[in-house]
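Position 27 of the sequence shown, counting from 1, maps to 220 under the working numbering, and the rest follow consecutively.
Glycine included, each C-beta is placed from N, C-alpha and C at the ideal position.
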Amino acid sequence: MSAIEIFNNAPDLQVQEDSAATLARRVIADEQLEVSSLNIIFVDDAYLKDLHQRYLDDDSKTDVMTFNLNADGPIEGEIYISLDRARAHAQTYRVTAEMEVARLIIHGLLHLKGYDDHTAEEQKLMREKENACLARYPEGVAFYDTGY
Numbered sequence: 194m195s196a197i198e199i200f201n202n203a204p205d206l207q208v209q210e211d212s213a214a215t216l217a218r219r220v221i222a223d224e225q226l227e228v229s230s231l232n233i234i235f236v237d238d239a240y241l242k243d244l245h246q247r248y249l250d251d252d253s254k255t256d257v258m259t260f261n262l263n264a265d266g267p268i269e270g271e272i273y274i275s276l277d278r279a280r281a282h283a284q285t286y287r288v289t290a291e292m293e294v295a296r297l298i299i300h301g302l303l304h305l306k307g308y309d310d311h312t313a314e315e316q317k318l319m320r321e322k323e324n325a326c327l328a329r330y331p332e333g334v335a336f337y338d339t340g341y
């Protein structure tokens, strides 16, 4: 099994690290991903917007960015997730924050597997894969606000 590390770097929002790692391990196994290491880094909008600008020359907010640091062998991945976006999407799409965080982890793992979402057809396929994974893990990822 691959090494999975979870980093909670968002100032006011956090996920339960064990919950996130368990979901990632299940998806990695189900999707038969060859992963040597995976870091899932939870950040705020400002951090991910800066990353988006630096690496994709796009200054808009985004919910998830994925990097595979080893193109020639087992995945050495980093998934950056904005918990601010997760919370906003949860409200917009009327789902729980736990399910939206799970969707973003799954989305990042699908990118590491090679799925893309640049075209409408790719987006549809990715959404179908996300939904299939979410159906297998209805508990989502424990998520809480520490800003009170």
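Would residue i and residue j be called neighbours here (beta carbons separated by less than 8 Å)?
i, j, result
"leucine 327", "alanine 295", "yes"
"valine 228", "isoleucine 199", "no"
"leucine 297", "valine 236", "no"
"arginine 278", "aspartate 238", "yes"
"arginine 219", "tyrosine 308", "no"
"asparagine 201", "tyrosine 240", "no"
"leucine 302", "isoleucine 221", "yes"
"threonine 259", "glycine 270", "yes"
"leucine 216", "lysine 306", "no"
"serine 212", "alanine 335", "yes"
Starting from residue i, trace the beta strand (DSSP E) in both directions and tell me its first and last residue.
i, result
"alanine 196", "196-201"
"threonine 259", "257-261"
"valine 236", "228-236"
"glutamine 207", "206-208"
Does the Cβ of residue i have 16 or more other Cβ atoms within 10 Å, making it buried, or fewer, making it exposed?
i, result
"tyrosine 273", "buried"
"glutamate 293", "buried"
"serine 253", "exposed"
"histidine 311", "exposed"
"leucine 249", "exposed"
"glutamate 332", "exposed"
"glutamate 315", "exposed"
"glutamate 321", "exposed"
"alanine 196", "exposed"
The alpha helix (DSSP H) spanning residue i covers which residue range?
i, result
"tyrosine 286", "276-286"
"histidine 300", "290-306"
"alanine 313", "313-329"
Can you tell me which residues form a DSSP beta bridge with residue i?
i, result
"isoleucine 268", "Val228"
"tyrosine 240", "BP columns for tyrosine 240 are empty, so no partner."
"tyrosine 273", "Ile234 and Met258"
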